[in-house]
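Numbering (my numbering), first residue to last: 1348 to 1776.
For every residue, glycine included, the Cβ atom is placed at its ideal position computed from N, Cα and C.
This structure is a prediction, so every number in the text was calculated from the model and none was measured.
The structure appears below as C-alpha cells.
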Ligand code: ADP
C-alpha cells in the first residue's frame, strides 16, 4: 500500500540518528541521540551504550508511524568490531572502534594476505580479529565476529552471524568473488567470520517481543546494512557511473561510482561494491579543518561573499593540519603549504579554497588514471557544501557541473536500504 514506511538508523562516531521514509523517498520522521556514557572498569562500555541508543531511537519513532514501518536497516562505523559469544550474542571482549589499531597483528596479516590488500592496515577488522585470536586462550571455539551494524541488527532480528559485503570488506571478504578468499578460509579463526549478504537484503522478521512492545507490525523485516560513509553516498542517490560525491568536512573525501574496480594501497584507494558497480574512493588530509584554524565560520561566510569565483587565484597552497598526505599524493613527509599570505584575507581565502579545489581535481584525475570511470558530475556534502562561491570555483577548476547533494544523511541512506530490502521481498512473492 501507499502508506508503508521504511526506517533507517545511522550509528556514527558521536551519536545515532534515524530517518523514516516512504516509497518515494519522502521523509516522514527524523531524530537523533547522543551515546550515553556507560563506564565499565576503565573503559567505555560501547556495546551497552549503542544498545541503549538503539532502543531509545525506537522509542523516539512517533507512535502513529511505528505501525506503518515494514522494514528496518542500520549502518555503522567501518571496521568497528565485536567478538560475541555464539550462543548468547553477548560481547566477550570490549568492542574495538573504527579508529583503533592493532599493529601487533599487522605482520601476521601481511604474511597471509596479498600485497597491499585493504586488510593490511592496523585498524582493519582482520588485524583486530587476529590480535584477539593470538592473545586469547579461552572462548575461541564459541565466538563470532560481527561489525557494529551487524550486532545492532542482530538485536532486532535474532539470527546470529550475518553481515553485508560493505562492512565485511575490511575483514577480507572479496565482493567480486562473493566469498571469503581461500587465504582467509584456511586460517583457524575463519570459523568466526559472519555470512555475508548484499546491503539491503532481508535477514528475517523483527523479533516478536520487540515488535509487540514498540508497536511495529508483525511482518516488519530487518535488512542488512552498510558502513556509515557508504550510507551517506547512497543517500545522495548518485546511481549512474560517473556520478561522484565530494565530502567537504574537516577533511576532503571523494567517492565515485565506477563500472570498474580499482585498488591502490599506496594512496589508500579501494572500491566498495554497490550492486553491479563499484564505489571508488580516496581521502585527503586537506579540508575544512585547516579553514577553521585560520578563520571563524562567520569570517568564512563574509570573506567568501567578496570572492570573484570566475577569476583563477595565483596562489598555490597545500592546506594541511599536520605533516603528511596520502591521497592524491602519497607522501608521509609532505609539509603544509599556506605561504605566502597576501594582505587581503579575501585573496587568502580564495587561494586556499582554489588550492583545495585543485587537490580535489587531482584526486578525480588519479582515480581515472588508476582505471575508474571518468567523473561526469559532482554532488557535494559536508560543511563546505553550503559555500556557493566555493562551488563556483570548483566548477571552474574541475570543469564539471557541481551542486550540493540534496540528501547526505547516512540514516537516509540506511532507510533507502530498508526500502530496497522490502521491495526485493515484494518482487519475489
Ligand atoms: P566534519 O567532517 O567534522 O563532520 P562538517 O561536515 O560538519 O565536518 O564541516 C565542517 C567544516 O566545514 C569545518 O571544518 C569548516 O571549516 C567548514 N565550513 C564551515 N562553513 C564553511 C563555509 N562557509 N565555507 C567553507 N567551509 C566551511
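Near the ligand ADP: residue i beta-carbon under 7 Å from a heavy atom
{"i": "residue 1639", "result": "yes"}
{"i": "residue 1734", "result": "yes"}
{"i": "residue 1704", "result": "no"}
{"i": "residue 1648", "result": "yes"}
{"i": "residue 1597", "result": "yes"}
{"i": "residue 1644", "result": "yes"}
{"i": "residue 1549", "result": "no"}
{"i": "residue 1730", "result": "yes"}
{"i": "residue 1397", "result": "no"}
{"i": "residue 1530", "result": "no"}
{"i": "residue 1636", "result": "yes"}
{"i": "residue 1750", "result": "no"}
{"i": "residue 1651", "result": "yes"}
{"i": "residue 1737", "result": "yes"}
Top-ranked residue by Cα proximity to residue i, from the options
{"i": "residue 1727", "options": "1593, 1416, 1548, 1373", "result": "1593"}
{"i": "residue 1636", "options": "1678, 1654, 1603, 1683", "result": "1683"}
{"i": "residue 1400", "options": "1438, 1418, 1632, 1363", "result": "1363"}
{"i": "residue 1530", "options": "1724, 1457, 1600", "result": "1457"}
{"i": "residue 1604", "options": "1390, 1623, 1563", "result": "1623"}
{"i": "residue 1404", "options": "1392, 1352, 1390, 1421", "result": "1421"}
{"i": "residue 1668", "options": "1686, 1688, 1632, 1658", "result": "1632"}
{"i": "residue 1469", "options": "1480, 1462, 1454", "result": "1454"}
{"i": "residue 1562", "options": "1448, 1753, 1449, 1409", "result": "1409"}
{"i": "residue 1298", "options": "1560, 1546, 1607, 1493", "result": "What is shown of the chain runs 1348 to 1776, which leaves residue 1298 out entirely."}
{"i": "residue 1557", "options": "1598, 1390, 1505", "result": "1505"}
{"i": "residue 1723", "options": "1733, 1730, 1749", "result": "1749"}
{"i": "residue 1361", "options": "1685, 1369, 1381, 1376", "result": "1381"}
{"i": "residue 1357", "options": "1397, 1391, 1393, 1351", "result": "1397"}
{"i": "residue 1650", "options": "1698, 1674, 1673, 1679", "result": "1698"}
{"i": "residue 1471", "options": "1486, 1443, 1498", "result": "1443"}
{"i": "residue 1560", "options": "1534, 1714, 1414, 1715", "result": "1414"}
{"i": "residue 1701", "options": "1738, 1639, 1618", "result": "1738"}
{"i": "residue 1752", "options": "1446, 1619, 1735, 1744", "result": "1735"}
{"i": "residue 1705", "options": "1693, 1691, 1687, 1664", "result": "1664"}
Beta bridge counterpart(s) of residue i as assigned by DSSP
{"i": "residue 1695", "result": "According to DSSP, residue 1695 bridges with nothing at all."}
{"i": "residue 1431", "result": "1438, 1491"}
{"i": "residue 1627", "result": "1603, 1618"}
{"i": "residue 1751", "result": "1727"}
{"i": "residue 1576", "result": "Paired residues: none, contrary to the question."}
{"i": "residue 1672", "result": "1678"}
{"i": "residue 1611", "result": "1616"}
{"i": "residue 1509", "result": "1542"}
{"i": "residue 1379", "result": "1364"}
{"i": "residue 1387", "result": "1390"}
{"i": "residue 1525", "result": "Residue 1525 pairs with nothing; no bridge assigned."}
Proximity below 8 Å, CB of residue i to CB of residue j
{"i": "residue 1570", "j": "residue 1416", "result": "no"}
{"i": "residue 1717", "j": "residue 1616", "result": "yes"}
{"i": "residue 1708", "j": "residue 1613", "result": "no"}
{"i": "residue 1517", "j": "residue 1465", "result": "yes"}
{"i": "residue 1477", "j": "residue 1460", "result": "no"}
{"i": "residue 1514", "j": "residue 1490", "result": "no"}
{"i": "residue 1601", "j": "residue 1527", "result": "no"}
{"i": "residue 1627", "j": "residue 1641", "result": "no"}
{"i": "residue 1549", "j": "residue 1772", "result": "yes"}
{"i": "residue 1430", "j": "residue 1492", "result": "yes"}
{"i": "residue 1758", "j": "residue 1418", "result": "no"}
{"i": "residue 1634", "j": "residue 1662", "result": "no"}
{"i": "residue 1746", "j": "residue 1595", "result": "no"}
{"i": "residue 1351", "j": "residue 1390", "result": "no"}
{"i": "residue 1572", "j": "residue 1761", "result": "yes"}
{"i": "residue 1393", "j": "residue 1436", "result": "no"}
Rounded Cβ spacing between residue i and residue j (contact assumed at less than 8 Å)
{"i": "residue 1480", "j": "residue 1520", "result": "So it is not a contact: roughly 17 Å between Cβ atoms."}
{"i": "residue 1423", "j": "residue 1763", "result": "Going by Cβ atoms, the distance from residue 1423 to residue 1763 rounds to 16 Å, so no, they are not a contact pair."}
{"i": "residue 1754", "j": "residue 1583", "result": "6 Å"}
{"i": "residue 1428", "j": "residue 1475", "result": "4 Å"}
{"i": "residue 1367", "j": "residue 1353", "result": "7 Å"}
{"i": "residue 1509", "j": "residue 1591", "result": "Wrong, their Cβ atoms sit about 31 Å apart, outside the cutoff."}
{"i": "residue 1629", "j": "residue 1721", "result": "Actually they do not touch by this definition, with Cβ atoms about 15 Å apart."}
Residue i beta carbon near the ligand SAM (any heavy atom closer than 7 Å)
{"i": "residue 1517", "result": "As for the ligand SAM, it is missing from this structure, which binds only the ligand ADP."}
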